[in-house]
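Student:
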Amino acid sequence: MSVFDAPVLYDVVIVGAGPAGAACALALRHSGLRVALLDKGQFPRDKICGDAIPSPTLKHLARLSPAYTAELYELLALHRADTTYSRLLAPNGHELRIKWHNPAFNSARLHFDTALLTLVRRHTTTEVLENYTVRSLQSDALGVTLVPALSAQAPLQAALVIGCDGANSVVARHLLPSAGLDRAHHCAAVRAYYRGVAEAPEHTSDFYFLREYQAGYCWVFPVGNGVYNVGFGALSREVAARRLDLKHELRELLATHPHLAPRFAEAEALTPITGFGLPLGGSGRAVHGARLLLCGDAAALIDPLQGHGIDKAVHSGILAAVQAQRCFQAQRFDADYLAHYAQEVERLIGRELTQRYRLMRFLAGKAWLVNLAVRAARWPWLRRKLVRAVG
Ligand SMILES: Cc1cc2nc3c(=O)[nH]c(=O)nc-3n(C[C@H](O)[C@H](O)[C@H](O)COP(=O)(O)OP(=O)(O)OC[C@H]3O[C@@H](n4cnc5c(N)ncnc54)[C@H](O)[C@@H]3O)c2cc1C
469 MSVFDAPVLY DVVIVGAGPA GAACALALRH SGLRVALLDK GQFPRDKICG DAIPSPTLKH
529 LARLSPAYTA ELYELLALHR ADTTYSRLLA PNGHELRIKW HNPAFNSARL HFDTALLTLV
589 RRHTTTEVLE NYTVRSLQSD ALGVTLVPAL SAQAPLQAAL VIGCDGANSV VARHLLPSAG
649 LDRAHHCAAV RAYYRGVAEA PEHTSDFYFL REYQAGYCWV FPVGNGVYNV GFGALSREVA
709 ARRLDLKHEL RELLATHPHL APRFAEAEAL TPITGFGLPL GGSGRAVHGA RLLLCGDAAA
769 LIDPLQGHGI DKAVHSGILA AVQAQRCFQA QRFDADYLAH YAQEVERLIG RELTQRYRLM
829 RFLAGKAWLV NLAVRAARWP WLRRKLVRAV G
């Protein structure tokens with residue numbers, strides 16, 4: 469018998485220390501609960517992403533404490549690019565420059581997620597366990613037992629498990645064992661880092677909308693120190709139907725697209741092109757069960773229009789922390805009681821994502837409409853409307 473046969477007991481175990489998990493741990497800082505935050509990776513760790521940190525992320529963190537955003541800026545002083553402008557390039561080559569008023573920045577997730585975890589370590593008593601991969605979960609009357617992939621590690625037991633373990637969530641699979649991949653609510657995307665990208669205006673993130681693809685776009689985002697995160701994503705249904713090889717498509721775009729090719733003629737690839745999935749919001753996926761809550765990508769909360777999910781991950785992580793405290797106060801962990809979280813997620817995040825999913829599907833395949841919108845946005849009041857719709 470191993471000394472680890474008896475599980476280590478916690479009130480709350482948060483699985484996954486990305487933005488959702490870190491925000492949840494921060495929001496539980498005054499709860500008095502025994503909290504573990506575990507991750508299969510060791511930080512700093514990479515996460516395939518466009519690295520654009522949407523401005524609501526900072527707003528949600530500032531609501532927890534204004535000091536957190538100030539510290540985040542300080543921790544990322546050498547590893548971020550503040551972004552004031554977006555440049556949208558329509559399929560016909562016309563461009564629209566949008567100035568944003570709320571602060572936002574791009575930062576490689578290698579650094580951003582590590583900075584968030586630093587805040588957790590500084591400001592909470594959370595036990596952070598790295599290199600801990602959850603293989604499966606088992607529920608019984610006493611709580612949920614998390615079984616590690618490595619037999620040398622101890623299992624953990626919690627009254628409540630918060631699944632913040634991303635797009636391929638093991639916690640979500642435990643909750644919904646029969647759910648398959650819903651390709652109509654899922655994007656596939658690839659990215660690589662480049663240096664030496666030409667014609668790159670300062671503080672500007674570029675979005676290229678392409679006639680050949682129904683939904684999705686190509687992006688060129690500065691992340692600081694002359695490095696660019698360059699990627700391409702499309703709806704998984706289209707990727708499967710057309711048997712697209714996204715790595716090949718991105719290489720082709722950078723070599724042949726009339727606006728991109730001159731920009732990348734002298735650019736140097738710093739990393740291979742790698743891909744990952746984006747579970748889009750608006751799918752109505754379950755986000756709770758007895759003793760279980762899901763947040764962020766595990767709850768499929770990515771904005772279908774922009775592909776952004778970091779802000780929703782942080783927001784849902786904070787909402788889960790509020791629900792966790794309610795559960796311990798009432799000593800109730802049944803699915804009926806936890807449904808309150810699902811209602812809050814739907815009210816504050818899900819409804820908007822459903823609308824944006826409809827807008828994304830409406831625009832898909834209508835390159836002429838995107839051309840028209842970019843052209844019409846020359847008029848300030850139409851521009852304001854467009855910015856409100858996509859922003
Ligand atoms: C190519 C691409 C580009 C994107 N671009 C943007 C962008 O520019 N801006 C934006 O806002 N969003 C973007 N997104 C979406 C964004 O990456 C996610 O929405 C965001 O990372 C969700 O955060 P999260 O905390 O829910 O999950 P994640 O960031 O995925 O974190 C999950 C954590 O769980 C850990 N984990 C997973 N499984 C286990 C396990 N079994 N045991 C223990 N730990 C586990 C992982 O190691 C990871 O650290 C992009 C996504 C992709 C794929």
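Per our numbering, the sequence shown starts with residue 469, numbered consecutively. Just so it is clear, CB atoms sit at the ideal spot from N, CA and C, and this is done for glycine as well. The structure displayed is predicted, hence computed values, not measured ones.
Would you list, in sequence order, the uninterrupted beta strand (DSSP E) runs of no fewer than 3 residues that lie entirely inside the stretch 505-571?
Tutor: Those beta strand (DSSP E) runs which fall completely within the stretch 505-571 and span 3+ residues are 553-557, 563-567.
Student: Beta-carbon within less than 6 Å of residue 566's beta-carbon, same chain only, minus the 5 sequence neighbours each way: which residues are those?
Tutor: The residues are 554, 855.
Student: Go through the stretch 716-790 residue by residue and report every complete run of the beta strand (DSSP E) that reaches 3 residues or more, in order.
Tutor: Correct list: 742-747, 760-762.
Student: Measuring only the C-alpha atoms, how far is residue 810 from residue 804?
Tutor: Those two C-alpha atoms are separated by around 10 Å.
Student: Are there any heavy atoms of ligand 1 lying less than 6 Å away from the beta-carbon of residue 781, as far as the coordinates show?
Tutor: Answer for residue 781: yes, Cβ within range of ligand 1.
Student: Taking the beta carbon of residue 724 as the centre, do at least 16 other beta carbons fall within 10 Å, making it buried, or is it exposed?
Tutor: Residue 724 should be labelled exposed.
Student: Can you grab the Cα-Cα spacing for the pair residue 713 / residue 690, in whole Å?
Tutor: Straight-line Cα distance between these residues: approximately 25 Å.
Student: So does the stretch 791-800 actually touch the stretch 721-735, counting three or more Cβ pairs closer than 8 Å?
Tutor: With the cut-off at 8 Å, the stretch 791-800 and the stretch 721-735 do not touch.
Student: Compute the distance between the beta-carbons of residue 536 and residue 626, then report whether it is under 7 Å.
Tutor: Cβ distance not < 7 Å, so residue 536 and residue 626 don't count as in contact.
Student: In chain order, what are the residue ranges of uninterrupted alpha helix (DSSP H) at least 4 long that sit wholly in the stretch 645-725?
Tutor: Segments of the alpha helix (DSSP H) lying fully in the stretch 645-725: 704-709, 714-724.
Student: Check whether the Cβ atoms of residue 525 and residue 755 lie closer than 7 Å to each other.
Tutor: In this structure, residue 755 does not lie closer than 7 Å to residue 525 by Cβ.
Student: Am I right that residue 579 and residue 544 are in contact with their C-beta atoms under 8 Å? What's the rounded C-beta distance?
Tutor: Yes, they are in contact, since the Cβ atoms of residue 579 and residue 544 sit about 6 Å apart, within 8 Å.
Student: For a test of the three-state rule: what should DSSP assign to residue 793, helix, strand or coil?
Tutor: Looking at residue 793 - three-state DSSP - the assignment turns out to be helix.
Student: Decide yes or no for the touch test of the stretch 655-668 against the stretch 494-513: beta carbon pairs closer than 8 Å, at least 3 of them.
Tutor: They do not touch, by the three-pair rule.
Student: Just to check, is the beta-carbon of residue 746 closer than 6 Å to a non-hydrogen atom of ligand 1?
Tutor: Indeed, a heavy atom of ligand 1 lies less than 6 Å from the Cβ.
Student: Taking residue 631 as part of the alpha helix (DSSP H), name the residues at either end of that continuous run.
Tutor: No alpha helix (DSSP H) contains residue 631, which is instead part of the beta strand (DSSP E) from 624-631.
Student: Could you give the distance in angstroms between the alpha-carbon of residue 834 and the alpha-carbon of residue 682?
Tutor: Going from the Cα of residue 834 to the Cα of residue 682 covers about 8 Å.
Student: Here's the rule I'm using: 16 or more other beta-carbon atoms within 10 Å means buried, otherwise exposed. How should residue 470 be labelled?
Tutor: Model confidence at residue 470 stands at a pLDDT of 49, short of 50, so the residue's coordinates are unreliable; what they give is reported in the following sentence. With fewer than 16 other Cβ atoms within 10 Å, it is exposed.
Student: Leaving out five residues on either side along the sequence, give the residues of the same chain with a beta carbon under 6 Å from the beta carbon of residue 806.
Tutor: Closer than 6 Å at the Cβ level, and outside the excluded window around residue 806, lie 756.
Student: For a test of the three-state rule: what should DSSP assign to residue 593, helix, strand or coil?
Tutor: Coil.
Student: On the DSSP bridge assignment, give the partners of residue 613 in chain order.
Tutor: Note: residue 613 sits in a beta bridge opposite 606, 625.
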